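Presented below is the structure to which this report refers.
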Amino acid sequence: MSGVLSLQKPLKNAVWWSVITLLAFFTLDAAIFRSGWYGKYLQPNSSTGIVEDHLYWLLHTPRVKKGEVLVLGDSRVAEGFSAPTAGAEGANRLKFWNFGLPGASVRNWYYVLRDADPDRHRFKAIVLSLERYTDDDSADNPPDRIADLGYSLGRLRLTDCRDFAMSMKSPERRQTALSGCLFKGLPLCADIHEFLLEAAARIKAADASREHGLAWMDGYTGIPENLTGLSADIEHGVINFPAGLNPVRTMSIKQSVLPVWAPDRGQTTAYRKLWIGRILDLYRDTDTRIIFIEMPRAPLALPDGKVPPRFLQSIAGRSQVSVIPADRFRDLERPELFGDGLHLNSTGRALFSAKLSREVFRVLGIH
2 MSGVLSLQKP LKNAVWWSVI TLLAFFTLDA AIFRSGWYGK YLQPNSSTGI
52 VEDHLYWLLH TPRVKKGEVL VLGDSRVAEG FSAPTAGAEG ANRLKFWNFG
102 LPGASVRNWY YVLRDADPDR HRFKAIVLSL ERYTDDDSAD NPPDRIADLG
152 YSLGRLRLTD CRDFAMSMKS PERRQTALSG CLFKGLPLCA DIHEFLLEAA
202 ARIKAADASR EHGLAWMDGY TGIPENLTGL SADIEHGVIN FPAGLNPVRT
252 MSIKQSVLPV WAPDRGQTTA YRKLWIGRIL DLYRDTDTRI IFIEMPRAPL
302 ALPDGKVPPR FLQSIAGRSQ VSVIPADRFR DLERPELFGD GLHLNSTGRA
352 LFSAKLSREV FRVLGIH
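Just remember that the working numbering sits 1 ahead of the position in the sequence shown, which is counted from 1.
Spelled out as C-alpha cells, the structure:
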C-alpha cells in the first residue's frame, strides 16, 4: 500500500507542474499576442501583418459623412483596384477603400469585416469580389486551407478557436488550427525569430508601414508590364506565350487560362454558404448593401464554368444583396490589360476601378 502511495505522489506533482506550466505559458502568450503589443511589430508583408495594417489604417481614419465603400478581395483587388481612381470617377462623392489582402480567403473576410465594422454602420456598401461566380470545386480544397490561420490570427478570439478549427476538414489541420488559435505564439514562431534577429529594423519597418502604408497603397499605380501577344487554343490546351516571360508569370498564365477543377462535390457551394453566409448575417437588418462582382478572370476570354453559381442563386432574392452580372468586366479580359495570369496591370487597374465605381453608384442609386 505504501508503495502505491509513493507512486501517486510523484504522479500528482507531475500533473500539477504540467498544469502550472501550461497556465504560465498561456498567460505569457496572451500578454504578448492578445494584448495587441506584438501586433504593432509584425512583419508588414506577412499574412498576419497585411491584415493588421489594413485594419489599423481603417480604424485610425475618421469616418466620412458622404459614405464609404469597402472593396474586399485577394491580390486581384490589391493589384487591380485603385481607391483614388474609383473615388475620382464619382467626383469623390463616395470614399472607397482597397481591402485587397493577397492570399486571403473568404473565411478570412468574415473575421476582417467583423472587426473592421463593429457597429455595422460604417459602410454604405461592401463589394465582395469573387474569382468566379460559378461554384466549380478547386483542387486546393479551400475548407482545409491552413494558411487561413495566419490571415485571421490577429482577429481570432478565444471564443472563436473551436469553431475556426472545426471548419477545417482533416484532423491534422483542425489540431494545428486549434493550437495556433489558443497559443498564437506557435504560428508566429518564424516572425518572432526574425524580429529577435533584427528588432530595430523590424520596428522601423512596422512603424513606417502603419504611418505611411495607406498613402503608399493609394499612390500605387499597378504593374507596368503587359501580355501583348498572348493567345491560346483552350479547347486543345495550347498556349502561345509572348517572349520574355519569367517562370512565375508563365505559370500564373497556365493556371488561369487552363485551370484544373476538381470533380463537383458541392464543396465550393457549402464553403460559400458558411462564410459568405456569416458575412451576410453580420449585416442583416442594416443599411449596408452587399455587392458581388466577378473579377476579370484571366488575360484571355474563358468559357464559363461547368457548375452553376448555386450559392449566388440561393441569395439573389435578399433585399440588401446586389449581384453585378458576370459579364460586366469581361471586356477587360485582354492580354494588354494584364501583367500576369491573375492580375490586371496599370492600364487595366485604371479601367477596372473607374468601371467598378460606376457600377457601385448605379447600384446605390446615386446620380
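Even glycine gets a Cβ: it sits at the ideal position worked out from N, Cα and C.
As the structure is a computational prediction, the values presented were derived from the model and not from experiment.
Measuring alpha carbon to alpha carbon, tell me which residue in the options is nearest residue i.
i: G151; options: V128, V65, R350 and P103; result: P103
i: S315; options: R285, H344 and K274; result: K274
i: F165; options: D208, D328 and Y272; result: Y272
i: I292; options: D305, S320 and T270; result: S320
i: W38; options: S48, N46 and E53; result: E53
i: L338; options: F330, G40 and T348; result: T348
i: N46; options: N93, R203, D145 and R64; result: R203
Distance, Cα to Cα, residue i vs residue j?
i: A302; j: E132; result: 14 Å
i: D75; j: H237; result: 30 Å
i: T160; j: L56; result: 21 Å
i: Q268; j: F362; result: 34 Å
i: S374; j: Q176; result: The structure shown does not extend to residue 374, since the chain is modelled only from 2 to 368, so the question has no answer here.
i: C190; j: P264; result: 37 Å
i: R174; j: I147; result: 6 Å
i: L333; j: L215; result: 27 Å
i: L187; j: H194; result: 11 Å
i: R350; j: S130; result: 14 Å
i: P326; j: A200; result: 49 Å
i: P144; j: L157; result: 17 Å
What residues are listed by DSSP as bridge partners for residue i?
i: N241; result: S232
i: F339; result: L345
i: E295; result: L131
i: F97; result: V70
i: R146; result: Beta-bridge pairing links R146 to no other residue.
i: A126; result: V70 and R290
Ordered along the chain, which non-local residues of its own chain (more than five positions away) have a Cβ less than 6 Å from that of residue i?
i: N241; result: S232
Note the first and the last residue of the continuous alpha helix (DSSP H) segment covering residue i.
i: S76; result: S76 to G81
i: L60; result: S48 to L60
i: W110; result: V107 to A117
i: H213; result: A200 to G220
i: Q256; result: P248 to V258
i: A89; result: A84 to E90
Residue range of the beta strand (DSSP E) that residue i falls in?
i: S323; result: V322 to V324
Among the residues of its own chain, which have a CB less than 7 Å from the CB of residue i, if the five just before and after it don't count?
i: L283; result: L114, R115 and R121
i: V324; result: F293, L313 and A317
i: K41; result: A207
i: R64; result: R123
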